[in-house]
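Residue numbers (the numbering used here), protein chains in the order written: chain W, 1 to 114; chain F, 115 to 229. A quick write-up on the structure given underneath.
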């Protein structure tokens, strides 16, 4: 069974600090990786995608991918209280019957306190 | 970015009635749409995958006769909760993916309350 593991948290960081969110996955065939942010009571929104080993930066967000270790992470610099949310890691998923089935981790709850 | 809409955003219904939720991709053709359910403080649970023009593929434990999914066009999928019961009260979220299939975009969700 394909699995995505995330620490459920909550991860609590002070405002202005770096928040580090980690994710491991079991499917060695995964080529695409996505991070979603979900505020309480809202649906997930895509914030980062990464396809190659290494780092990808977008504003205050940096995604890091290590396919050999089957590990993907998300760093949030200068964390703000508005970053408080649940962050979902999602490899593209496994192909079943012609479609890639998405696989999501349980998500890490991040709390940024003033 | 790609936009997915859902309607209604919330609905309250009586036990035993049916409720239809619409999911639309507004600026792209969604060859694949996914339906999720999420209970409070729990993770997303994939209910079914639907490809345009094909029957939906349901996840284990999801009753296909209770949760009817139709994906008749490249921009519209519907989920009908038939004979709804209070335990069906949940947050229903759809997502859509285009033919390239790398990213999926979520609708804003529909909160269903069954009295």
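By construction, the Cβ of each residue, glycine as well, lies at the ideal position given by its N, Cα and C atoms. It should be emphasised that the depicted structure is a prediction, and the values quoted were computed from it without experimental measurement.
Backbone secondary structure at residue i - three-state DSSP
| i | result |
| --- | --- |
| residue 179 of chain F | coil |
| residue 58 of chain W | strand |
| residue 217 of chain F | coil |
| residue 5 of chain W | strand |
| residue 200 of chain F | helix |
| residue 205 of chain F | strand |
| residue 134 of chain F | strand |
| residue 100 of chain W | strand |
| residue 186 of chain F | strand |
| residue 76 of chain W | strand |
| residue 91 of chain W | strand |
| residue 225 of chain F | strand |
| residue 40 of chain W | coil |
| residue 123 of chain F | coil |
| residue 26 of chain W | coil |
Opposing strand residues paired with residue i [DSSP bridges]
| i | result |
| --- | --- |
| residue 110 of chain W | W/11 and W/85 |
| residue 118 of chain F | F/139 |
| residue 162 of chain F | F/149 and F/172 |
| residue 49 of chain W | W/34 |
| residue 68 of chain W | Paired residue(s): none; residue 68 of chain W is not in a bridge. |
| residue 129 of chain F | DSSP output for residue 129 of chain F lists no bridge partner at all. |
| residue 210 of chain F | F/147 and F/219 |
| residue 17 of chain W | DSSP output for residue 17 of chain W lists no bridge partner at all. |
| residue 191 of chain F | F/137 |
Integer Cβ distance of residue i from residue j, believed to fall under 8 Å
| i | j | result |
| --- | --- | --- |
| residue 198 of chain F | residue 132 of chain F | 7 Å |
| residue 110 of chain W | residue 19 of chain W | 6 Å |
| residue 193 of chain F | residue 149 of chain F | 5 Å |
| residue 73 of chain W | residue 22 of chain W | 5 Å |
| residue 116 of chain W | residue 28 of chain W | Since the first residue of chain W shown is 1 and the last is 114, residue 116 of chain W is not available in this structure. |
| residue 45 of chain W | residue 112 of chain W | No, residue 45 of chain W and residue 112 of chain W are not in contact; Cβ-Cβ is about 17 Å, not under 8 Å. |
| residue 228 of chain F | residue 127 of chain F | 6 Å |
| residue 56 of chain W | residue 47 of chain W | Going by Cβ atoms, the distance from residue 56 of chain W to residue 47 of chain W rounds to 11 Å, so no, they are not a contact pair. |
| residue 161 of chain F | residue 181 of chain F | 6 Å |
| residue 152 of chain F | residue 204 of chain F | 7 Å |
| residue 25 of chain W | residue 102 of chain W | The Cβ separation is near 12 Å, so there is no contact. |
| residue 222 of chain F | residue 43 of chain W | 5 Å |
Cutoff 8 Å: residue i Cβ touching any chain F Cβ
| i | result |
| --- | --- |
| residue 81 of chain W | no |
| residue 43 of chain W | yes |
| residue 50 of chain W | no |
| residue 32 of chain W | yes |
| residue 10 of chain W | no |
| residue 92 of chain W | yes |
| residue 101 of chain W | yes |
| residue 107 of chain W | yes |
| residue 117 of chain W | In the structure displayed, chain W extends from 1 to 114; residue 117 of chain W sits before or after that span and is not available. |
| residue 46 of chain W | yes |
Residue i at chain W interface by Cβ criterion, 8 Å
| i | result |
| --- | --- |
| residue 157 of chain F | yes |
| residue 122 of chain F | no |
| residue 216 of chain F | yes |
| residue 126 of chain F | no |
| residue 207 of chain F | yes |
| residue 142 of chain F | no |
| residue 223 of chain F | yes |
| residue 160 of chain F | yes |
| residue 219 of chain F | yes |
| residue 227 of chain F | no |
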